[in-house]
Amino acid sequence: MKFPKGKPIYEDTPSALINVKELVAWIHMENFNGVLEGKVGDITTQILITDGDPRKAFTYTDSTILVQDDEAIETFVTDAMMRVSSISLYVLEDEIIKSLLIRLFINPVLSGDAKIFDSMGMIEKLMEREQIGHIFLDFNTEKLHFLFYDGRYLGYYSEKDGKMRQDEDKINLINYLNSKSGFLMLHIVSLKDFKNLKLPSLRFGEIERNTEFIAEILTSFLNYLVRAYTGIGIYPEKIRKIIEKIYNENEGLWKDILNINNGEFLLSNNLNVSWYELVSNFVILIKKINSEVSKLWGKKMSDQKYIDVYREFYESIKSSPEMSQVFSYLNPENLERVGG
Amino acid sequence: MKDKVRLVEILFFIGLLLVILFSTIPLFNINIPENIYNMVYLFVEFLAFVVALLFFFKIDRKQKLWFGWLFILLGFFIYLLSDFLDIIFKFENAQMLKLLSFILNFVALLLFIIFLSSSLRVRLSFNENFLLVINAILLFILILQVGILPTLLNSTMLLEDKIINILFLIGDYMLLVVFMILFLTITTNFWGGEIAKNYYLLTLSIALLSVANLIFSYILSSYELFKINRIIYLGGYMVIAYSIVKEGVLHEA
Chain R
4 MKFPKGKPIY EDTPSALINV KELVAWIHME NFNGVLEGKV GDITTQILIT
54 DGDPRKAFTY TDSTILVQDD EAIETFVTDA MMRVSSISLY VLEDEIIKSL
104 LIRLFINPVL SGDAKIFDSM GMIEKLMERE QIGHIFLDFN TEKLHFLFYD
154 GRYLGYYSEK DGKMRQDEDK INLINYLNSK SGFLMLHIVS LKDFKNLKLP
204 SLRFGEIERN TEFIAEILTS FLNYLVRAYT GIGIYPEKIR KIIEKIYNEN
254 EGLWKDILNI NNGEFLLSNN LNVSWYELVS NFVILIKKIN SEVSKLWGKK
304 MSDQKYIDVY REFYESIKSS PEMSQVFSYL NPENLERVGG
Chain A
-6 MKDKVRLVEI LFFIGLLLVI LFSTIPLFNI NIPENIYNMV YLFVEFLAFV
44 VALLFFFKID RKQKLWFGWL FILLGFFIYL LSDFLDIIFK FENAQMLKLL
94 SFILNFVALL LFIIFLSSSL RVRLSFNENF LLVINAILLF ILILQVGILP
144 TLLNSTMLLE DKIINILFLI GDYMLLVVFM ILFLTITTNF WGGEIAKNYY
194 LLTLSIALLS VANLIFSYIL SSYELFKINR IIYLGGYMVI AYSIVKEGVL
244 HEA
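Quick mapping for you: the protein sequence lines, in order, are chains R and A. If you want the numbering used here, it's the 1-based position in the first sequence plus 3. At position 73 of the second sequence (counting the first as 1) the number is 66 in the numbering used here, and the numbers step up by one without a gap.
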C-alpha cells in the first residue's frame, strides 16, 4: 500500500542536507502525523507516522513491495545516513490518517470482486456517522483508496501518484464502484472501537538503537542531580520524599525505564523504549523534579542549583557529540520550554 | 496535616485574644486579680512553647539549619523561664534571662546566615551589601541617640543598670542587623519558595521583639499601659512558635 501525499514540509531534499537524528527527534517531539518518504533511484520507502511514532513502512519499486516495517525503516535510515537518498516529509490530516490505519490494522468487512457488491448500499453504510471507512479498489493498472470519516467522504487517492483528490459529489467514487471491475476491500470501524485499537510502534533503526548507553548516562545524571539537591543540606529528606512521590505518581511513565531504591534511580533491566520516549521521559521527570523543588526553594535558587549541576555534569559528556545532542534537551533554557 | 496547622492557628489566636482581653478589661473599670491575668499569660505562653516543641521534633536533624531552629526554641524556652521566674517567684534577675533569650535568637539568625552563605554559596550583591551597611549605620545612630547616650548620661542610674541597659541595646542592635542580612538573603535567593515563608515569619517576629524592646524601654520609657509590652512580646514569640510549627509541617509533608 502506498500512502497519499499530504501537505509537503519539504520534498525530494537531498539527505546530505538533513540531520536525520534531529528530524527523528523532531517527529517524536512534535507528535507528527504524516508520511516520511525516502527515494533512491526507483526504490521508495514510505513511513506512515502517527502521534510521532512510525506505524507502518514499505519499501517498494513500482508495484512490488520489497520489504516492510522494521526492515523498510532500516533501509530508509541507512540510505539517509549514507546520504544517497532524497527525503520528503508530508503532513496528513488526522481524519485521513485514521482512515489509512484501519486499512492496515483491521480486518476487512468485505473482500472480493467488486461486481458482487452493492455499491450504493456500501456508500450509504460508509456515510453513517461515528465510524471510519476505507474502500480499496485494485484495477491491476491502478490502485485506488476512498476514505471516509464520521459520515463524511474525504476524497480518494491513487497509488500511482499518491495525490489526494476531492470528489465532493462522489461522482468518481460512484463511477469506479459501478464499473463493477477489479478487486474490492471494504474496511469499517466505529470511532469507539478505533479508540481501543492498539497501534504498533516501530523504531527508527540505528538512530534509536543505542538507547541503553544513553539511558545509563541519563540515569547517572539523574542520580547526580538528586545527590546534588539532597547534598546541599536544605531539607534533604523532604527533597527525597518529593522525588519518590513524583516517581510513584507517574509510575506508568517511568516503570519501563527506571526503578527507585533508597532514593537511587536504577535502570530497568528490560529497556524497551524508543530513543525519543527515553529522552522525553527523562526530560519530563527532571522538569517535574525541578518544578517541585522550586516550590520549596523558590525559582531563583532551584534554577541556579540546576544550572550548576548541569554545567558540572555536562563537562564529563561534552566530548561525545551524541550525548551533547541528548543533553541539549536538558539544557536549563530548553527544559523551561518543555511542556509549555 | 492542614487540620493540625489550622488547630494551632485557632489555639494561638484564642490564646492571644484572651491575654489581650484580660489586659484591657481593667480599662473598663472591671477589676480582675493580677494573679488570674498572670496565669492566663503564662498558660498561653507555655501552650505556644509546647506546640512549638512538638513540631520541632518533626524537623529533619540531618539538615544543618536544624541547629538554627534549636537555638530559636531554646531562646523561647529561656524567655518562658524568665517570665515564669518573674511572675511566680518574683525573681529579680529574670531580665538577665531575657537578654540570654535575645542572644540565643541572635545566634540562631547568625547560624542561618553562616549556613546559607557558606553551603549554598549564596552571596549578596554589592548593592545589597551597600544597602545593609547604610541601614546598619543609620540604625546605630538612632540607637545611640535614643538609648545609649541617654543611658550613659543618666546620673541617677546605677553603673550596674547602665551596663545591663547598654548590653540590651547592643543586643537589640545586633539582632536587627542580622535580621536585615537574613531577610535580604532569603528575599533575594528564596523568593516564592515554601521555606522563605517560614523564615519571613521567624525573622519578622524576632525583629518585632527587638523593635518593641527599643520602643518600650527607651522611647516610651514606660510600658505599663495595659501591659502592651507583654502582649507584643507574647505575640512575637507566638509567631516564632508558629514558624517552628510551619517548619515542622514542611518536613513532615
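Glycine residues also receive a C-beta, built at the ideal position from the N, C-alpha and C atoms. Values in this document were obtained by computation on a predicted structure and should not be read as measured data.
Per-residue burial, residue i [other beta carbons within 10 Å of its own, 16 or more giving buried]
| i | result |
| --- | --- |
| Ser198/A | buried |
| Ala28/R | buried |
| Asn284/R | buried |
| Ile156/A | exposed |
| Trp257/R | buried |
| Ser236/A | buried |
| Met123/R | exposed |
| Pro324/R | exposed |
| Phe119/A | exposed |
| Gly9/R | buried |
| Lys101/R | buried |
| Arg58/R | buried |
| Arg206/R | buried |
| Leu152/A | exposed |
| Leu333/R | buried |
| Gln56/A | buried |
| Leu73/A | buried |
Residue i versus residue j - alpha carbon distance
| i | j | result |
| --- | --- | --- |
| Met32/A | Ile287/R | 57 Å |
| Glu295/R | Ile71/A | 37 Å |
| Ile13/A | Phe6/A | 11 Å |
| Ile136/A | Ile130/A | 10 Å |
| Ser297/R | Tyr192/A | 16 Å |
| Ala41/A | Phe224/R | 45 Å |
| Lys308/R | Gln138/A | 44 Å |
| Leu146/A | Val100/A | 30 Å |
| Thr49/A | Asn98/A | One point to set straight first is that residue 49/A is Phe, not Thr, in the sequence displayed. Cα to Cα, Phe49/A sits roughly 16 Å from Asn98/A. |
| Pro19/A | Pro26/A | 10 Å |
| Tyr216/A | Ser210/A | Note on Tyr216/A: pLDDT 49, under 50, position unreliable in the model; the coordinate value appears next. Straight-line Cα distance between these residues: approximately 7 Å. |
| Gly301/R | Glu133/R | 49 Å |
| Ala75/R | Ser91/R | 16 Å |
| Glu33/R | Asp54/R | 8 Å |
| Val112/R | Glu219/R | 47 Å |
| Arg230/R | Val312/R | 10 Å |
| Gly236/R | Ile242/R | 10 Å |
| Ile3/R | Leu180/R | Missing from the structure shown is residue 3/R; chain R here goes from 4 to 343 and no further. |
| Lys(-5)/A | Lys190/A | 16 Å |
| Ile165/A | Leu202/A | Before going further, note that residue 165/A is Asp rather than Ile in the sequence given. Looking at the two C-alpha atoms, the distance is approximately 9 Å. |
| Ile155/R | Lys163/R | Per the sequence shown, the amino acid found at residue 155/R is Arg instead of Ile. Going by the C-alpha atoms only, they are around 24 Å apart. |
Beta carbon of residue i nearer than 7 Å to that of residue j
| i | j | result |
| --- | --- | --- |
| Ser276/A | Leu90/A | For chain A, the structure presents residues -6 to 246; residue 276/A sits outside this window and is missing. |
| Thr196/A | Phe172/A | yes |
| Phe79/R | Gly41/R | yes |
| Val232/A | Leu194/A | yes |
| Asp56/R | Ser161/R | no |
| Gly165/R | Phe151/R | no |
| Phe6/R | Val38/R | yes |
| Leu243/A | Leu175/A | no |
| Glu187/A | Leu299/R | yes |
| Glu98/R | Leu189/R | no |
| Val(-2)/A | Val44/A | no |
| Leu93/A | Ala87/A | no |
| Phe149/R | Leu107/R | no |
Integer Cβ distance of residue i from residue j, believed to fall under 8 Å
| i | j | result |
| --- | --- | --- |
| Gly208/R | Glu77/R | 5 Å |
| Leu187/R | Leu129/R | That belief does not hold up - the Cβ atoms of Leu187/R and Leu129/R are roughly 13 Å apart, past 8 Å. |
| Phe35/R | Ile105/R | About 20 Å separates the two Cβ atoms, so there is no contact after all. |
| Phe268/R | Thr222/R | 5 Å |
| Leu104/A | Thr178/A | In fact, because the Cβ distance is near 13 Å, the residues do not count as touching under 8 Å. |
| Ile52/A | Gly241/A | 6 Å |
| Tyr159/R | Asp172/R | That pair is no contact at about 13 Å. |
| Tyr46/A | Phe95/A | For the sequence presented, residue 46/A should be read as Leu rather than Tyr. That pair is no contact at about 20 Å. |
| Glu227/R | Phe316/R | Sequence check: residue 227/R is Tyr here, not Glu. Right, the Cβ-Cβ distance comes to about 5 Å (below 8 Å), so this counts as a contact. |
Residue nearest to residue i in terms of C-alpha spacing, selected from the options
| i | options | result |
| --- | --- | --- |
| Val23/R | Pro7/R, Asn253/R, Asp15/R and Ile210/R | Ile210/R |
| Ile221/A | Arg54/A, Asn206/A and Ala234/A | Asn206/A |
| Val37/A | Ile208/A, Gly229/A, Leu243/A and Lys239/A | Gly229/A |
| Ser88/R | His31/R, Phe330/R, Ala19/R and Glu280/R | Ala19/R |
| Ile224/A | Asn98/A, Gly68/A and Phe15/A | Phe15/A |
| Lys291/R | Ile249/R, Ile310/R and Leu103/R | Ile249/R |
| Thr67/R | Asn143/R, Glu171/R and Lys303/R | Asn143/R |
| Pro11/R | Leu51/R, Gly236/R, Ile119/R and Val94/R | Val94/R |
| Ala117/R | Leu147/R, Glu131/R and Asn226/R | Leu147/R |
| Phe183/A | Ile80/A, Val115/A, Val126/A and Ile23/A | Val115/A |
| Arg86/R | Lys201/R, Phe120/R, Pro17/R and Pro239/R | Pro17/R |
| Val204/A | Ile163/A, Thr180/A, Ile80/A and Gly185/A | Ile163/A |
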